[in-house]
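For our numbering, count along the sequence shown from 1 and bump the result up by 94. Let me begin by presenting the structure, written as structure tokens, before commenting on it.
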Amino acid sequence: MNFIYLFIIIYFNKIITILTFPRLPSNFLTITVKTTSKNYNTRIQDILNTWFQKLPDNIWFISDHDNQEISNFSGNHLIPTECGEKHKIEDLVCKMQKELEVFVFQNSLWSCHFDDDNYVNINKLIKFLQTFNPNLPYFFGKRSIKNPLYINHFDLKYATGGAGFCISKAILSTIKDDIKYGNYLKTALNNRLPDDMAFSYFLEYNYNFPLTIVTNFHSHLEILSEILDPSDEISLSFNNISTDNQKFKFWIPDYCINENDIRLMKTLHCIIEKKVKK
95 MNFIYLFIII
105 YFNKIITILT
115 FPRLPSNFLT
125 ITVKTTSKNY
135 NTRIQDILNT
145 WFQKLPDNIW
155 FISDHDNQEI
165 SNFSGNHLIP
175 TECGEKHKIE
185 DLVCKMQKEL
195 EVFVFQNSLW
205 SCHFDDDNYV
215 NINKLIKFLQ
225 TFNPNLPYFF
235 GKRSIKNPLY
245 INHFDLKYAT
255 GGAGFCISKA
265 ILSTIKDDIK
275 YGNYLKTALN
285 NRLPDDMAFS
295 YFLEYNYNFP
305 LTIVTNFHSH
315 LEILSEILDP
325 SDEISLSFNN
335 ISTDNQKFKF
345 WIPDYCINEN
355 DIRLMKTLHC
365 IIEKKVKK
């Protein structure tokens, strides 16, 4: 799928209003979710039934294959690409390139990426971003490893895509031409870097935009037992690791218990939304 065709898809779904947050400018935030067709009936259904409903006009799913049911349910916010469906560098960076093209076209004050195993606390994310000036260069995210990676004589402290990351309009405006010409994709493939690592390298090595660490972003790689109140966090993630410290330990009220909720998306949504309404 070329850049122009991608824009045509988005153009006919252009943001008009944000009903859930009426005081928020319609161009405040764009969120892309990287996914694959094999997760349509599991992870994507979970997202569509939970946090997607908080901001449906501003969330886009970047995937490999089309699906009419998902497209209809999301308001035509599923963007199928010609990227592969495997978890390998070529397929991952191809999808990230498409995500960045969506960012450029939407031209929002803030642009955020998440994976399809993330639960995003939309209220917390918006409140966090509202405390910063989007006209300044901010790159928010979370590191998955403590020590930097040494790439091309450069110490890289990269944001893990599994926790999510956000960039301000100031950064987007700076990199938009490089995105249009596919220079992120070239950087990733030439250096054999995965999508999230390549993006951090692309920003810091080329533009000197370092990562600002936000502890409220969480990936599946973390010790989930340390999270005591999910309503205080921006992003959370599910893993199927059975070790005790890799499981959530926070208290779940009876009315939020769902035996069929194996990825805990509905449970998290119930807990967080109850806190919001209080």
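Backbone N, C-alpha and C define an ideal beta-carbon position, used for all residues, glycine too. For clarity, every value in this text was computed on a predicted model and none was experimentally measured.
(request) Quick one: residues in its chain with C-beta nearer than 6 angstroms to the C-beta of C188, no 5 flanking neighbours on either side, listed in chain order? (result) As a working mapping, residue 188 is identified with position 94 in the sequence shown. Only C177 meet the Cβ criterion.
(request) Pick helix, strand or coil for L123, following the three-state DSSP scheme. (result) Mapped onto the sequence shown, residue 123 falls at position 29. Strand, per DSSP.
(message) Please classify Y213 as buried or exposed, where buried requires at least 16 neighbouring CB atoms within 10 angstroms.
(response) The residue given as residue 213 occupies position 119 in the sequence shown. When all chains shown are included, Y213 counts as buried.
(request) Report the partner residues of P174 according to the DSSP bridge assignment. (result) What you label residue 174 is simply residue 80 of the sequence shown in a count that begins at 1. Bridge partners of P174: S157.
(request) Tell me D326's beta-bridge partners as DSSP assigns them. (result) Along the sequence shown, one-based indexing puts residue 326 at 232. Residue pairing by DSSP places D326 in no beta bridge whatsoever.
(message) Can you tell me whether K263 is helix, strand or coil according to DSSP?
(response) Locating residue 263 in the sequence shown gives position 169, where the first residue counts as 1. Under the three-state reduction of DSSP output, K263 falls in the helix class.
(request) Starting from the N-terminal side, write out each stretch of the beta strand (DSSP E) that is 3 residues or longer and does not extend beyond the stretch 179-236. (result) With a minimum length of 3 residues, the continuous beta strand (DSSP E) runs that stay inside the stretch 179-236 are 204-209, 212-214 and 233-235.
(message) Let me check you understand the geometry: is the CB of S205 closer than 6 angstroms to at least one non-hydrogen atom of the ligand COA?
(response) Absence of the ligand COA from the depicted structure is noted, as is the absence of any ligand whatsoever, leaving it without description.
(request) For K128, write down the residues that DSSP places opposite it in a beta bridge. (result) The residue given as residue 128 occupies position 34 in the sequence shown. Note: K128 sits in a beta bridge opposite I156 and D209.
(request) Taking K192 as the reference, give the member of V127, N121, I346 and E367 with the closest Cα. (result) Locating residue 192 in the sequence shown gives position 98, counting from the first residue. Nearest in C-alpha terms to K192, of all of V127, N121, I346 and E367, is V127.
(request) Can you give me the start and stop residues for the alpha helix (DSSP H) that K280 sits inside? (result) Numbered from its first residue, the sequence shown carries residue 280 at position 186. Note, K280: alpha helix (DSSP H), N277 to N285.
(request) Name the residue from Y349, F342, I156 and L315 whose alpha carbon lies nearest to the alpha carbon of I239. (result) Translated into the one-based positions of the sequence shown, residue 239 becomes position 145. Its Cα nearest to that of I239, the residue L315 stands out among Y349, F342, I156 and L315.
(message) With H, G and I counted as helix, E and B as strand and the rest as coil, what does DSSP make of S294?
(response) Residue 294 sits at position 200 when you count from the first residue of the sequence shown. Secondary structure of S294 (DSSP, three-state): helix.
(request) Reducing DSSP to helix, strand and coil, say where S238 ends up. (result) As a first step, residue 238 must be located in the sequence shown, where it is residue number 144. Of the three classes helix, strand and coil, the one that applies to S238 here is coil, per DSSP.
(request) Could you spell out the range, first to last residue, of the alpha helix (DSSP H) harbouring Q139? (result) Residue 139 sits at position 45 when you count from the first residue of the sequence shown. Residues Q139 to L142.
(message) Let me check one thing: in DSSP terms, what residues is T306 bridge-paired to?
(response) Working through the sequence shown from its first residue, we reach residue 306 at position 212. Beta-bridge pairing links T306 to F234.
(request) May I ask which residues mark the beginning and end of the alpha helix (DSSP H) holding S165? (result) Stepping through the sequence shown from its first residue, residue 165 is reached at position 71. S165 -> alpha helix (DSSP H) spans Q162 to F167.
(request) Can you say whether N215 is buried or exposed, counting buried as having 16 or more other CB atoms within 10 angstroms of its CB? (result) Numbered from its first residue, the sequence shown carries residue 215 at position 121. So N215 ends up on the buried side.
(message) With H, G and I counted as helix, E and B as strand and the rest as coil, what does DSSP make of L358?
(response) As a first step, residue 358 is located in the sequence shown; it is residue number 264 there, counting from the start. L358: coil per DSSP, three-state reduction.
(message) For E320, count the other beta carbons within 10 Å of its own beta carbon; 16 or more makes it buried, fewer makes it exposed. Which is it?
(response) Position 226 of the sequence shown, counted from the start, is the residue given in the question as residue 320. With fewer than 16 other Cβ atoms from the protein chains shown falling within 10 Å of its own Cβ, E320 counts as exposed.
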